[in-house]
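Novice: Provided herewith is a single structure, encoded as structure tokens, for subsequent inquiry.
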Amino acid sequence: MGTPAFPNLGKHCSVADCKQIDFLPFTCDRCQQVFCLEHRSHRQHKCPDADNQDASVVVCPVCAKGIRLVPDEDPNITWETHVNTVCDPTNYERVTNKRKCPVFGCREILALSNTVKCKDCAKDYCLTHRFGPDHKCPGPRKSNSRLQFMNNNRRQEDPRQNRAPTLAQASSTLQCRWDRRGKVE
1 MGTPAFPNLG
11 KHCSVADCKQ
21 IDFLPFTCDR
31 CQQVFCLEHR
41 SHRQHKCPDA
51 DNQDASVVVC
61 PVCAKGIRLV
71 PDEDPNITWE
81 THVNTVCDPT
91 NYERVTNKRK
101 CPVFGCREIL
111 ALSNTVKCKD
121 CAKDYCLTHR
131 FGPDHKCPGP
141 RKSNSRLQFM
151 NNNRRQEDPR
161 QNRAPTLAQA
171 SSTLQCRWDR
181 RGKVE
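The opening residue of the sequence shown carries number 1 in UniProt numbering; numbering runs sequentially from there.
In structure tokens form, the structure reads like this:
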């Protein structure tokens with residue numbers, strides 16, 4: 001079993017006709033025997049402990065949900081029950097439509113690990129088109145008219161008020177004060 005470097009690697013299928021060595025074997029959850037990929041299901045290896053627990057699932061073409069087929073029940077009855085109770089056609093679009101990169105010709109599906117939001121246009125792009133020139137970014141978005149209105153109403157400070165007085169301004173101010181003082185006395 002296995003290789004000379006790894007003698008314990010892989011196991012033989014428990015089905016008498018097969019005995020194939022499998023490096024990723026499956027252990028049956030009922031009979032605890034080891035099986036290859038072909039014989040992993042309860043039906044394929046004729047598991048004596050299965051008790052008809054082997055379930056099949058069919059994907060609904062209307063709502064894209066999984067429908068569990070009960071082994072002893074007619075599949076048509078299971079289908080009718082699903083259609084009349086929980087089938088939601090609006091779910092199909094949400095499940096089957098994956099977000100894609102908006103760049104023309106790019107078919108990259110956007111997932112958590114390959115999505116970048118552009119700081120200028122605030123749209124999501126794939127890693128290939130993450131920089132502005134790559135996705136023909138129009139540049140930063142203009143602020144809302146409401147924000148412009150708020151910015152226009154802010155009191156504009158006069159830059160001259162924040163400056164220290166020049167020597168000529170200070171001396172003229174002192175001169176005016178001395179003149180007033182002399183007239184009062």
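The C-beta atom is built at its ideal place from N, Cα and C for all residues, glycine as well.
If Tyr-125 sits next to Cys-101, beta carbons under 8 angstroms apart, how far is it from one beta carbon to the other, in whole angstroms?
Specialist: 6 angstroms
Novice: Grab the span of the beta strand (DSSP E) containing Val-86 for me, first residue to last.
Specialist: Counting along the chain, Val-86 falls outside any beta strand (DSSP E), and DSSP gives it neither H nor E.
Novice: Can you round the beta-carbon distance between Asp-22 and Cys-36 to whole angstroms, since I take them to be within the 8 angstroms contact cut?
Specialist: 4 angstroms
Novice: By alpha-carbon positions, which one of Ala-50, Cys-60, Val-15 ends up nearest to Thr-39?
Specialist: At residue 39 the sequence reads His, which differs from the Thr that was named. Comparing Cα-Cα distances from His-39 to each of Ala-50, Cys-60, Val-15, the minimum goes to Val-15.
Novice: Exposed or buried, which one is Lys-117 when buried takes at least 16 other CB atoms within 10 Å?
Specialist: exposed
Novice: Could you give the C-beta distance for Ile-67 and Thr-78, rounded to a whole number, given that I count them as a contact under 8 angstroms?
Specialist: 6 angstroms
Novice: Kindly indicate which three-state DSSP category His-135 falls into: helix, strand or coil?
Specialist: helix
Novice: Using the C-alpha atoms, what's the distance from Val-95 back to Ala-122?
Specialist: 24 angstroms
Novice: Taking CB distances under 8 angstroms as the criterion, tell me whether Glu-38 reaches chain C.
Specialist: Going by chain labels, chain C is absent from the structure shown, which holds only one protein chain.
Novice: Which two residues bound the contiguous beta strand (DSSP E) that contains Arg-68?
Specialist: 66 to 69
Novice: Compare the C-alpha of Val-83 against each of Val-62, Leu-112, His-45 and name the closest.
Specialist: Val-62
Novice: Just to check, is the beta-carbon of Pro-75 closer than 7 angstroms to a non-hydrogen atom of the ligand HEM?
Specialist: Ligands displayed in this structure: none; no statement on the ligand HEM is therefore possible.
Novice: In terms of DSSP beta bridges, what is Val-62 paired with?
Specialist: According to DSSP, Val-62 bridges with nothing at all.
Novice: Taking only the alpha-carbon atoms, compute the straight-line gap between Phe-131 and Asn-114 and give it to the nearest angstrom.
Specialist: 13 angstroms
Novice: What whole-angstrom Cβ distance do residue 186 and Arg-99 have, given they're in contact under 8 angstroms?
Specialist: Nothing about residue 186 can be read from this structure; the chain reaches only from 1 to 185.
Novice: Can the beta-carbon of Pro-89 be found closer than 8 angstroms to that of Asp-120?
Specialist: no
Novice: Return helix, strand or coil for Thr-27, following the three-state DSSP convention.
Specialist: strand
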